[in-house]
Amino acid sequence: RATTFWPSERQWPRVATVYQRQEQRLVKAVMPNDTLGRNVYFRGSGGLYSTAESYVPFGIMLANGGELGGVRLLSRKSVEMLGAEHVPDTLPGRPPGEAYGLSVRVVTDHAARGTLLSDGTYGWSGAQGTHFFVDPQEQLVGVLMVQTPNNEVRNDFENLVAQSIVD
C-alpha cells in the first residue's frame, strides 16, 4: 500500500527527513536526489520507500516461510534459499560471522559477529539507517525505522530485541 520507488506528490510530505551528525549534533542532510521522480528504473540496491506498517508484515511473511494471513505469497523453498548462505563471510572488509544470502545478510556465527541473534537470522539495512531482520529460530521479526546512518544503533536494536525474549 505505502511502498514505492516513486512517492507521489501526496506521499512525498510523509517521507522522513534524513539527518547526519555534524559537530556533535544532528542536522538535516543535503540529499542530492530529493526530487520527485528521481528514479528512472527499479533497482535492488536502494531507492525503495516504505512505512513500518507495510514493512512489518513483509518480515512476518518471511518468518512464516512465505505465508501471510493464510495466503502463500512465496514458496517455502524460495524463502529458505533467500536466507541461506551463498557468499561466505570471508569477503575482505566484511565482519566475521556475517555472510550473504540472496539480497540479505545472514548471521552464520553469532558469537563472532557479536550479536545475540540466532545463527540463520537474515535481513538488510537501508542506506539511511533503516534495518530489518528475521530470526527464523525464534520466529522473531525486527524493523527499525530511523533516518540517520549508525551501525551502533542497529547493533543495539538487535541485541535489545533479542534480550527481550522470555521463555
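Its first residue numbered 808, the sequence shown is counted upward by one per residue in my numbering.
Just so it is clear, CB atoms sit at the ideal spot from N, CA and C, and this is done for glycine as well.
Whole-angstrom Cβ separation of Ser861 and Thr922, contact assumed at under 8 Å?
Mapped onto the sequence shown, residue 861 falls at position 54. Mapped onto the sequence shown, residue 922 falls at position 115. That belief does not hold up - the Cβ atoms of Ser861 and Thr922 are roughly 26 Å apart, past 8 Å.
Between Glu887 and chain B, is there a C-beta pair that is closer than 7 Å?
No chain B appears in this structure, which consists of one protein chain only.
Which value, in whole angstroms, describes the spacing of the CA atoms of Val878 and Ile867?
Along the sequence shown, one-based indexing puts residue 878 at 71. Along the sequence shown, one-based indexing puts residue 867 at 60. Each residue's Cα considered, the two are about 12 Å apart.
Could you pull the DSSP bridge partners for Trp931 from this structure?
As a first step, residue 931 must be located in the sequence shown, where it is residue number 124. BP columns for Trp931 point to Phe939.
I'd like the span of the alpha helix (DSSP H) that includes Leu889, first residue to last.
Against the sequence shown, residue 889 aligns to sequence position 82. Taken as a continuous stretch (DSSP letters only), the alpha helix (DSSP H) holding Leu889 covers 883-890.
By the three-class DSSP mapping on this structure, what secondary structure does Arg912 have?
Sequence index remark: in the sequence shown, residue 912 carries index 105 (1-based). Here Arg912 sits in strand by DSSP.
Can you tell which of Val894, Lys835, Val950 has its C-alpha closest to the C-alpha of Phe964?
As a first step, residue 964 must be located in the sequence shown, where it is residue number 157. For the residues Val894, Lys835, Val950, the minimum Cα distance to Phe964 belongs to Val950.
Taking all protein chains shown into account, decide if Asp942 is buried (16 or more other Cβ within 10 angstroms of its Cβ) or exposed.
On the sequence shown, position 135 is the one that residue 942 refers to. With 16 or more Cβ atoms within 10 Å of its Cβ, Asp942 is classed as buried.
Could you tell me if Glu905 is buried or exposed, where buried requires 16 or more neighbouring beta carbons within 10 angstroms of its beta carbon?
The sequence position of residue 905 within the sequence shown is 98, counting from 1. Counting Cβ neighbours within 10 Å, Glu905 comes out buried, since at least 16 surround it.
Measure how close the beta-carbons of Gln954 and Tyr826 come, nearest whole angstrom, since I'm counting them as under 8 Å.
Against the sequence shown, residue 954 aligns to sequence position 147. Against the sequence shown, residue 826 aligns to sequence position 19. Between Tyr826 and Gln954 the Cβ distance is about 6 Å, and since that is below 8 Å, they are a contact.
Using the Cα positions of Gly902 and Asn958, report the straight-line distance between them to the nearest angstrom.
In the sequence shown, residue 902 corresponds to position 95, counting from 1. In the sequence shown, residue 958 corresponds to position 151, counting from 1. As written in the sequence, residue 902 is Pro, which differs from the Gly given in the question. Pro902 and Asn958: Cα-Cα distance of roughly 12 Å.
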